[in-house]
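Student:
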Amino acid sequence: MTIKEAIYFRHTVRKYLDKPLGPSVVENLNKRIQEANEKYGVQIKLVTNDNGAIWSMMRMFVAKNVKNYLVLAGPDRPDLETDLGFAGADIALYAQTLGLNSWWIGETYRGRHVRQDGIVTKGVIIVGYGMEQGKPHKSKTIEAVSQYDGDAPEWFTEGVIAALCAPTAMNRQNFMITGKSRAVHIEYAESRWSRIDLGIVKYHFEMGAGKENFNWI
Ligand SMILES: Cc1cc2nc3c(=O)[nH]c(=O)nc-3n(C[C@H](O)[C@H](O)[C@H](O)COP(=O)(O)O)c2cc1C
Numbered sequence: 001m002t003i004k005e006a007i008y009f010r011h012t013v014r015k016y017l018d019k020p021l022g023p024s025v026v027e028n029l030n031k032r033i034q035e036a037n038e039k040y041g042v043q044i045k046l047v048t049n050d051n052g053a054i055w056s057m058m059r060m061f062v063a064k065n066v067k068n069y070l071v072l073a074g075p076d077r078p079d080l081e082t083d084l085g086f087a088g089a090d091i092a093l094y095a096q097t098l099g100l101n102s103w104w105i106g107e108t109y110r111g112r113h114v115r116q117d118g119i120v121t122k123g124v125i126i127v128g129y130g131m132e133q134g135k136p137h138k139s140k141t142i143e144a145v146s147q148y149d150g151d152a153p154e155w156f157t158e159g160v161i162a163a164l165c166a167p168t169a170m171n172r173q174n175f176m177i178t179g180k181s182r183a184v185h186i187e188y189a190e191s192r193w194s195r196i197d198l199g200i201v202k203y204h205f206e207m208g209a210g211k212e213n214f215n216w217i
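When we follow this note's numbering, the leftmost residue of the sequence shown carries the number 1, and every step to the right adds one.
Okay, structure coming up:
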């Protein structure tokens, strides 16, 4: 499975099998995390075999066997959240290509348990072998979230479709993508997690459209 294919297969999964991540999966994930950390200036970390990441209410009523997670963290700076969204999307989709499922959490995780000194934590992404594969979220339409000046080329439409598959906090999908010739612009309505969402949606658009076809403006 490619990253682009993973975009269409990934859905939030909250219940996992009681099955540890295999050693080669951990090795591959850590390699991808290291690459993303260097590329995007973040400090994402994989934690395995630890069931303390989420609120106990979630553990009791919503989740099962949540034991492996990525901590979305980095140095305090203006674009940190967008970069964490972008890097996190890369790792979560890569995890999907390795046969794993995932669940982004911006609110219902235990900050005090996962926090590290000297850096800022903005959320976690649970990973593991899902009991099921999840299901597609309710989605806005292409017309509601995008506009192209003239006839939209195929790459633009594919980018918007991929962006609509992106996970967003509370499934808000509060973005507007506009295109003209090879220039693409994205706006995301400001809210608590909008900057993380923006990074995730940008990553999805790039993968769907093909980076070689356009420039962000
Ligand atoms: C930044 C962010 C924060 C999220 N926070 C939570 C959360 O605190 N609790 C939760 O159960 N789900 C959380 N989610 C999962 C979203 O509800 C889910 O991604 C969205 O409904 C779309 O569904 P999908 O992931 O299946 O496409 C979060 C997702 C994102 C991207």
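Glycine included, each C-beta is placed from N, C-alpha and C at the ideal position. Just so it is clear, the structure is predicted and the values come from calculations on it, not from any experiment.
1. Please state whether the Cβ-Cβ distance between L164 and Y129 is less than 8 Å.
2. When you compare the segment 94–110 with the segment 2–13, are there three or more beta-carbon pairs, one atom per stretch, that lie closer than 8 Å?
3. CB-CB under 7 Å to K19, same chain, minus the five flanking residues each way: which ones, in chain order?
4. With 16 as the cutoff for other CB atoms within 10 Å, does R10 come out buried or exposed?
5. Just reading off the alpha helix (DSSP H) that G88 is part of, what are its end residues?
6. Could you spell out the range, first to last residue, of the alpha helix (DSSP H) harbouring Q227?
7. CB R14 to CB G52, shorter than 8 Å?
8. Tell me, which residues are paired with V13 by DSSP?
9. Under the three-state reduction of DSSP, which class applies to G128: helix, strand or coil?
10. Identify, in the order they occur along the chain, each residue of the same chain with its Cβ nearer than 7 Å to the Cβ of V62, setting aside the five sequence neighbours on each side.
11. Runs of 4 residues minimum, wholly inside the segment 144–189: which ones carry the alpha helix (DSSP H) assignment?
12. For N213, which of helix, strand or coil comes out of DSSP?
13. Once DSSP output is grouped into helix, strand and coil, what is the label at A53?
Tutor: Per the coordinate set shown:
1. The residue given as residue 164 occupies position 164 in the sequence shown. The residue given as residue 129 occupies position 129 in the sequence shown. Going by C-beta atoms, L164 is not nearer than 8 Å to Y129.
2. yes
3. For the purposes of this step, residue 19 is identified with residue 19 of the sequence shown, where counting begins at 1. Excluding residues within five positions, the ones whose Cβ falls inside 7 Å are Y129.
4. Here residue 10 refers to the residue found at position 10 when the sequence shown is read from its first residue. The residue in question, R10, is buried, as its Cβ has 16 or more Cβ neighbours within 10 Å.
5. If you number the sequence shown from 1, residue 88 lands on position 88. Residues 80–97.
6. What is shown of the chain runs 1 to 217, which leaves residue 227 out entirely.
7. Here residue 14 is taken as the residue at index 14 of the sequence shown, counted from 1. Here residue 52 is taken as the residue at index 52 of the sequence shown, counted from 1. It is not a contact, given that the beta carbons lie outside the stated cut-off.
8. Along the sequence shown, one-based indexing puts residue 13 at 13. Its beta-bridge partners do not exist; DSSP assigns none.
9. Within the sequence shown, numbered from 1, the residue matching residue 128 stands at position 128. Three-state DSSP puts G128 in a strand.
10. If you number the sequence shown from 1, residue 62 lands on position 62. Only R14 meet the Cβ criterion.
11. 154–164
12. By one-based count along the sequence shown, residue 213 stands at place 213. Correct three-state label for N213: helix.
13. Position 53 of the sequence shown, counted from the start, is the residue given in the question as residue 53. Three-state DSSP puts A53 in coil, outside helix and strand.
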